[in-house]
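Single-structure report; data block below.
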Amino acid sequence: MNLLDFFKKKEKRKRLEKIVSRRDVVLEPDEVEKKEERKNLGESKHAASTLLRPKITEKSSIMKEEGVYVFNVAYEASKKDIKMAVEELYKVKVDKVNVINMPPRLRSFGRKFGHSPGYRKALVRLSRGHKIEFT
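For the sequence shown, numbering that gives the first Met the number 0 begins at 0 and goes up steadily by one.
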C-alpha cells in the first residue's frame with residue numbers, strides 16, 4: 000500500500016493550500032455576528048436534548064435548599080455536557096456534577112412481569128448565590 004501514499008500526499012497539500020487561502024480572507028463584522036448567532040442556536044438545541052426534565056421530589060426539594068438540583072438526563076450525556084447545558088439554559092454557575100445510573104426495576108401486574116425503564120440522574124451543585132426557579 001506504500002505505492003498509494005504518493006497520491007495521498009498530493010491531497011494533503013491541496014487541503015493545506017485551501018486552509019491557508021481561507022485564513023487570508025478577512026471577514027466583515029456582519030459576517031462574524033451571523034456565525035456567532037448560528038453557533039448559539041446549535042448549543043441550545045444540544046442543551047435541551049441533554050437535560051430531559053428536572054426531577055421534582057420531596058428529597059430533591061430538600062436538596063434544593065443546599066444548592067443541589069436534580070435532573071433526568073440523556074444516557075449519552077457526560078458531566079461536561081450536563082454542566083454546559085445547565086449553565087446555558089439557566090444562566091447560573093455550576094460547581095460540581097454527579098451522575099447516577101438508575102437501573103430498571105422489576106414490576107408485576109397479576110401474573111405478568113415486566114420492568115420499568117431505567118434512567119440517568121444528574122445532581123448539579125451550583126455556586127453560592129445562584130438559584131434556579133422551576134415554574
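Beta carbons: idealized from backbone N, C-alpha and C, even for Gly.
Whole-angstrom C-beta distance between residue j and residue i, which should lie under 8 Å
i     : j     : result
ILE81 : THR49 : 6 Å
Residue environment, residue i, which counts as buried when at least 16 other CB atoms sit within 10 Å
i      : result
LEU105 : exposed
ALA47  : exposed
TYR74  : exposed
PHE70  : buried
GLU10  : exposed
Nearest neighbour of residue i, chosen from the options [CA to CA]
i      : options                           : result
ASP94  : ILE61, GLU10, ALA47 and HIS129    : HIS129
LEU122 : ALA47, GLY66 and ARG12            : GLY66
TYR68  : SER115, VAL96, PRO103 and LYS79   : VAL96
VAL85  : GLY109, THR56 and GLU132          : GLU132
MET114 : ARG124, LYS120, PHE108 and PRO103 : Here the sequence assigns His to residue 114, which means Met is not the residue at that position. Minimum Cα distance to HIS114 is reached at PRO103.
ARG119 : HIS45, LYS78, SER60 and LYS90     : LYS78
VAL72  : GLU64, HIS45, MET62 and GLY109    : HIS45
SER126 : MET101, ARG110 and LYS92          : LYS92
ASN88  : GLU64, PHE108 and ARG52           : Reading off the sequence, residue 88 comes out as Leu, not Asn. For the residues GLU64, PHE108 and ARG52, the minimum Cα distance to LEU88 belongs to ARG52.
For residue i, the first and last residue of its enclosing alpha helix (DSSP H)
i      : result
VAL85  : 78-89
SER126 : Per DSSP, SER126 belongs to no alpha helix (DSSP H) and is neither H nor E.
GLU57  : 57-64
Residues bridged to residue i [DSSP beta-bridge criterion]
i      : result
PHE133 : Beta-bridge pairing links PHE133 to no other residue.
TYR118 : MET101
SER107 : PHE112
Bounding residues of the beta strand (DSSP E) (the contiguous stretch that carries residue i)
i     : result
LYS99 : Reading off the sequence shown, one finds Ile at residue 99, where the question assumed Lys. Start and end: 93-101.
ARG52 : 50-53
THR68 : Note on identity: in this sequence residue 68 is Tyr, with Thr being the wrong assignment. Counting along the chain, the beta strand (DSSP E) containing TYR68 begins and ends at 67-72.
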